[in-house]
Amino acid sequence: MEKNFNRFLEEAEKLSPETKPLWGIMTPQHMVEHLLLTVKVSNNKIKVECFNPPEKIPTLKKFLLSERPLPKNFINPIIGEGLLPIQFNNYEDAITGLKIEIEDFYKFFENNPEAVITNPTFGELNRTEWEIFHKKHFTHHLSQFGIVLDKIH
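According to the numbering used here, the sequence shown is numbered sequentially starting from -3.
Take a look at the structure:
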């Protein structure tokens, strides 16, 4: 998965802060900061609850583990329909922050290989499931800006 993150970061770095989305309301910086927050959840720096009832989790996990992409214009249960305020001074700083959180994700799971961390949509996920989630989530958001990542392994 680390090479997947590298590929995602390479593609994200090609975007201009002014790049307009093909759909949705995020700017490139909003996207990177949003991805950064989800990585912080997965490396146990931000605690969240799952917003779905336990009986729905098996079906949702089946979707997560499938090849099906995340739906466009999905409403994040934590954020809602709007955008969070920008936290970083510029796009480059946001990318740097995301790189740090990705490194911390791997450090966390090296030190806690059996950890399961709650995802707000999919419930408790282990390292492999979080990697699958991040691949799907990063691919989803890069596609907002016309970047299609096919056949990443």
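Note that CB positions come from ideal geometry on N, CA and C, so glycine has one too.
On a predicted model such as this, the values are computed, not experimentally measured, just so you know.
When secondary structure is reduced to three states using DSSP, Asn40 falls in the coil class, being assigned neither helix nor strand.
Per the DSSP secondary-structure output, Thr114 pairs in a beta bridge with Glu120.
Only residues of its own chain outside the window of five on either side were considered, and among them Leu60, Leu61 have a CB closer than 7 Å to the CB of Ile128, listed in chain order. A Cβ-Cβ contact shorter than 8 Å links Leu94 with Val28. Around Cys46, the same chain offers Ile53, Thr114, Asn115, Pro116, Thr117, Phe118, Gly119, Glu120 as residues with beta carbons nearer than 8 Å, after the five sequence neighbours per side are excluded. Cβ atoms of Ile21 and Leu79 come within 8 Å of each other, at about 6 Å.
Rounded to whole angstroms, the Cβ separation of His133 and Thr34 is 6 Å, and the two are in contact under 8 Å.
Scanning its chain for C-beta atoms nearer than 8 Å, with the 5 sequence neighbours on each side dropped, one finds around Pro13 the residues Thr23, Pro24, Gln25, Asn86, Tyr87, in chain order. In this structure, Phe1 lies near Ile98, with their beta-carbon atoms less than 8 Å apart.
Leu56 sits close to Asn48, with the two beta carbons spaced by under 8 Å.
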